[in-house]
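Per the numbering used here, residue 50 is the first one in the sequence shown, and the count goes up by one each step.
Following: one structure in C-alpha cells, then a few remarks.
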Amino acid sequence: MTIQTIKTTPYGDQKPGTSGLRKRVTVYQQPNYVENYIQAIFDSLDGFAGQTLVIGGDGRFYNDVAIQKAIRIAAANGFGKVLVGQGGILSTPAASHVIRHYKAFGGLVLSASHNPGGPEGDFGIKYNIGNGGPAPEKITDAVYDRTKVIDSYKNIEAADIDLGAIGTQTVGDMVVEVIDPVADYAALMQTLFDFGAIKAMFAGGFTMTFDAMSAVTGPYAHAILEGILGAPKGTVINGTPSPTFNNGHPDPNLVYCKDMFDLLMTPEGPDFGAASDGDGDRNLIIGKNRFVTPSDSLALLAANAHLAPGYKRGIAGIARSMPTSAAADRVAEKLGIEMHETPTGWKFFGNLLDAGRVTICGEESAGTGSDHVREKDGLWAVLLWLNIIAARKQSVDEIVREHWSTYGRNYYTRHDYEEVDAEIAGKLVDDLRAQLTALPGKTFGDDLQVAYADDFTYHDPVDGSTSAKQGIRIGFADGSRIVVRLSGTGTVGATLRLYLERYEAADGRHDLETQSALEPLIELADELVGIKQRTGRTEPSVIT
Ligand code: VG1
Ligand code: CO
50 MTIQTIKTTP YGDQKPGTSG LRKRVTVYQQ PNYVENYIQA IFDSLDGFAG
100 QTLVIGGDGR FYNDVAIQKA IRIAAANGFG KVLVGQGGIL STPAASHVIR
150 HYKAFGGLVL SASHNPGGPE GDFGIKYNIG NGGPAPEKIT DAVYDRTKVI
200 DSYKNIEAAD IDLGAIGTQT VGDMVVEVID PVADYAALMQ TLFDFGAIKA
250 MFAGGFTMTF DAMSAVTGPY AHAILEGILG APKGTVINGT PSPTFNNGHP
300 DPNLVYCKDM FDLLMTPEGP DFGAASDGDG DRNLIIGKNR FVTPSDSLAL
350 LAANAHLAPG YKRGIAGIAR SMPTSAAADR VAEKLGIEMH ETPTGWKFFG
400 NLLDAGRVTI CGEESAGTGS DHVREKDGLW AVLLWLNIIA ARKQSVDEIV
450 REHWSTYGRN YYTRHDYEEV DAEIAGKLVD DLRAQLTALP GKTFGDDLQV
500 AYADDFTYHD PVDGSTSAKQ GIRIGFADGS RIVVRLSGTG TVGATLRLYL
550 ERYEAADGRH DLETQSALEP LIELADELVG IKQRTGRTEP SVIT
C-alpha cells in the first residue's frame, strides 16, 4: 500500500495547554487540523518504527472521525500496531494502564475532559509517553514548534477500521487490535483493593450512587461496581456514554452534581455518592451529610491508603499541585515521607512517580491517583474510599472529622471566572505580579501578615528542568494562602482561577461554613487582585 505525503499549511494556534490541545469541535473540523497536530506529534518523537500506539477517547462527538484519521496517519508513519478501545472508548486512566501493560511506545488520548461535547462543544487530543503519563513540557513544546512550520503529513488510503469488532484488523502493514476497554483496567483494580471486603459491605446493605455523567466511566462503573462488587443495579446512573454527554456538562462538581449532593444531605439518601468526569480521571466524593473537598480527599486517601492491599506497605511520598491545599503536607509530615509541590497538571507528577519518590498524587480540581498508572483516576479514588470505609467501618463524615481532629482542617475554596476577556485577564495577572515584591511583611486586616509572595517556579528534582510562571502565590504567616492563575484548559477567552485556603488547628473550629470561614481572605483577594473591578463580574462563574 502506498504512503502518501500530503501538503498542508500550519495553524498558529496548536499550542498544547495543561492537558493536551483543547479546542472547539468546529476548530478541529477545519481542513487538516487533526492531521497537522498528529503529524506534528509523530515528528517530535523518535524510535517508534514498528512499535505500538494506544488510541482511545471519552466517546465524545468527533472521537470516531479523529480516531480513523489517527490510525491511518500512524500506519503511514510506520507504527507496527495500534491498540484501540472498542467503540473508540478508553478512559484516560485506562489508556494510561493499557500503554503500560502492553509496553506501548505511547498513546493518543482523545478528550476534552470535563468540557461539554457535541458539535458545538469541545474536543481534544493529548499525547502520552511510554510510562503512560502525559508528555512532559519538553515534548509538548517541541510539538508546538513543529505545528508552526509543518508543511506535509503522511497518510495511507485505507478503509475505516470497524471499531465495534474486538479482534485484529490491518491498515497497510500495521495491525490494529480493537480491545475490551474495561477488562485490563478492572483486573488492575482487583490487585489494589480488597474487593472481598467491599463486596461484603454492599451485600450488608451499604448503598451508593455513582453518576457517570453520560461519559466514559459508565461501562467501567457498571462492570466493577455492579458486576464484580455486586452493588445493586441502579447504583450507577447515567452509565451509557453519549457523544454529547446527554447535552450535559460532565464536570463532577457541586454545580453539575447538585442533585446528588442534595440527595446525600437527606436521611433517605444513600450512604455514599460519587461521580467522575468526561474522560474518567476526576472524582467527586460525597458521604451522607459530608462533601469531601478534593484537597481533603487527597490527604485522607494518603493517610488511609495502607488499609488497601495495594498500599499495605505504606506510601513513599505525596505530591500535590501548587494550588491544592496543604492538608496533605500534614499527613506527609506525620508519616515522615517526601512531600512535593508541583505546577498544575498531571504531567508534572510523572517523574516523581517513575522515580518511586511519591505513591499518591492529587489536585484540588478533583483529581487523585497513584503509581498504578500515570494519570489521575476517578474510579480508583472511589474504590479506595470504599476500601477505607469497609476497613474502618465508619461513615465518611466520621472519617473526615477524625482526620481534622488529628491534623487540623484546611478550609478551601476555588472561585472561577470563566470566559473573561483574555487581554484583561493577562493584564490583571501581570499587574499582580508587579506588586509581589512589595507584599512580604505587610499586614492586612487584623492578622493577615504576608509571609511570601511569588510567581511559582518548579524545579523538577528528578530531571532538573525548570517551569516558571506557574501561578501567583501569596502566603500568610498563619498558613493562609491566596493563589491566582490562568487556566490552561479553557477554549474560549480566559478563565481566571482564584484559590483560597485557611488553616484551622486540630483543636480549632471545624464546623464553619467554608465560604464564611474564608470571607476575610476573599475580601482581601478582591482588594489585591481586583478581579471584580477589572472584569466587571459581580460573582464567580463557579465556586468549588
Ligand atoms: C485544570 C485543572 C488541573 C487539571 C487540568 C486537567 O487545568 O485545574 O488541575 O490537571 O484541568 O484536568 P487548568 O489549567 O484549566 O486550571 V482534566 O480532568 O480537564 O484532564
Ligand atoms: Co478529566
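For glycine and all other residues, C-beta sits at the position ideal for the given N, C-alpha and C.
Helix, strand or coil, according to DSSP, for residue i in the structure here?
| i | result |
| --- | --- |
| Lys-175 | strand |
| Ser-346 | helix |
| Gly-322 | strand |
| Gly-106 | strand |
| Ser-140 | coil |
| Gln-564 | helix |
| Ala-500 | strand |
| Gly-427 | helix |
| Met-309 | helix |
| Gln-135 | strand |
| Ser-516 | strand |
| His-508 | strand |
| Ser-291 | coil |
| Asp-260 | strand |
| Val-147 | helix |
| Gly-336 | strand |
| Gly-475 | helix |
Using 6 Å as the cut-off, classify the Cβ of residue i as near or not near the heavy atoms of ligand 2, replying yes or no.
| i | result |
| --- | --- |
| Arg-71 | no |
| Ser-162 | yes |
| Asp-420 | no |
| Arg-331 | yes |
| Asp-62 | no |
| Asp-465 | no |
| Asp-328 | yes |
Applying the 10 Å Cβ sphere with the 16-neighbour rule, what's the burial state of residue i?
| i | result |
| --- | --- |
| His-508 | exposed |
| Arg-362 | exposed |
| Gln-218 | buried |
| Val-511 | exposed |
| Val-225 | buried |
| Ala-376 | buried |
| Pro-65 | buried |
| Gly-134 | buried |
| Gly-329 | buried |
| Gly-609 | No information on residue 609 is available, as it lies outside the stretch 50 to 593 that the chain covers here. |
| Thr-266 | buried |
| Pro-165 | buried |
| Val-478 | buried |
| Val-304 | exposed |
| Gln-88 | buried |
| Ala-270 | buried |
Under the assumption that residue i contacts residue j (Cβ atoms under 8 Å), give the Cβ distance between them as a whole number of angstroms.
| i | j | result |
| --- | --- | --- |
| Ser-201 | Ile-55 | 6 Å |
| Pro-230 | Gly-105 | 7 Å |
| Thr-391 | Arg-534 | In fact, because the Cβ distance is near 13 Å, the residues do not count as touching under 8 Å. |
| Asn-204 | Arg-121 | 6 Å |
| Arg-331 | Lys-425 | 7 Å |
| Leu-539 | Gly-182 | Per the sequence shown, the amino acid found at residue 539 is Gly instead of Leu. So it is not a contact: roughly 22 Å between Cβ atoms. |
| Lys-6 | Glu-84 | Look at the range of the chain in this structure, 50 to 593, and you will see that residue 6 is not part of it. |
| Ala-439 | Ala-235 | Going by Cβ atoms, the distance from Ala-439 to Ala-235 rounds to 18 Å, so no, they are not a contact pair. |
| Arg-423 | Asn-180 | 5 Å |
| Thr-506 | Ser-514 | The Cβ separation is near 11 Å, so there is no contact. |
| Asp-378 | Met-371 | With a Cβ gap of about 12 Å, Asp-378 and Met-371 do not count as contacting. |
Is residue i a contact residue of ligand 1, with contact defined as CB to any heavy atom under 6 Å?
| i | result |
| --- | --- |
| Thr-393 | yes |
| Leu-412 | Contrary to the premise, residue 412 reads as Glu rather than Leu in this sequence. At least one heavy atom of ligand 1 is nearer than 6 Å to the Cβ of Glu-412, so yes. |
| Gly-620 | Here the chain comprises residues numbered 50 to 593, so residue 620 is not present and cannot be evaluated. |
| Thr-462 | no |
| Gly-399 | no |
| Thr-67 | yes |
DSSP puts residue i in a beta bridge; with which residues?
| i | result |
| --- | --- |
| Glu-370 | The amino acid occupying residue 370 in the given sequence is Ser; Glu does not appear at that position. In DSSP, Ser-370 forms a bridge with Thr-391. |
| Pro-183 | Asn-177 |
| Gln-53 | Asn-204 |
| Ile-448 | Beta-bridge pairing links Ile-448 to no other residue. |
| Thr-462 | Leu-549 |
| Ile-247 | Answer is none; Ile-247 lacks a bridge partner. |
| Phe-397 | Note: Phe-397 sits in no beta bridge, so no partner. |
| Lys-72 | Phe-172 |
| Thr-540 | According to DSSP, which records beta bridges pairwise, Thr-540 is partnered with nothing at all. |
| Gln-100 | Answer by DSSP bridge pairing: none, since Gln-100 is not bridged. |
| Gln-218 | Val-225 |
| Arg-534 | Arg-546 |
Using a Cβ-Cβ cut-off of 7 Å, state whether residue i counts as contacting chain C.
| i | result |
| --- | --- |
| Val-445 | Going by chain labels, chain C is absent from the structure shown, which holds only one protein chain. |
For residue i, verify whether its CB is less than 6 Å away from any heavy atom of ligand 3.
| i | result |
| --- | --- |
| Ser-536 | Summarising the ligand content, the structure contains ligand 1 and ligand 2 and does not contain ligand 3. |
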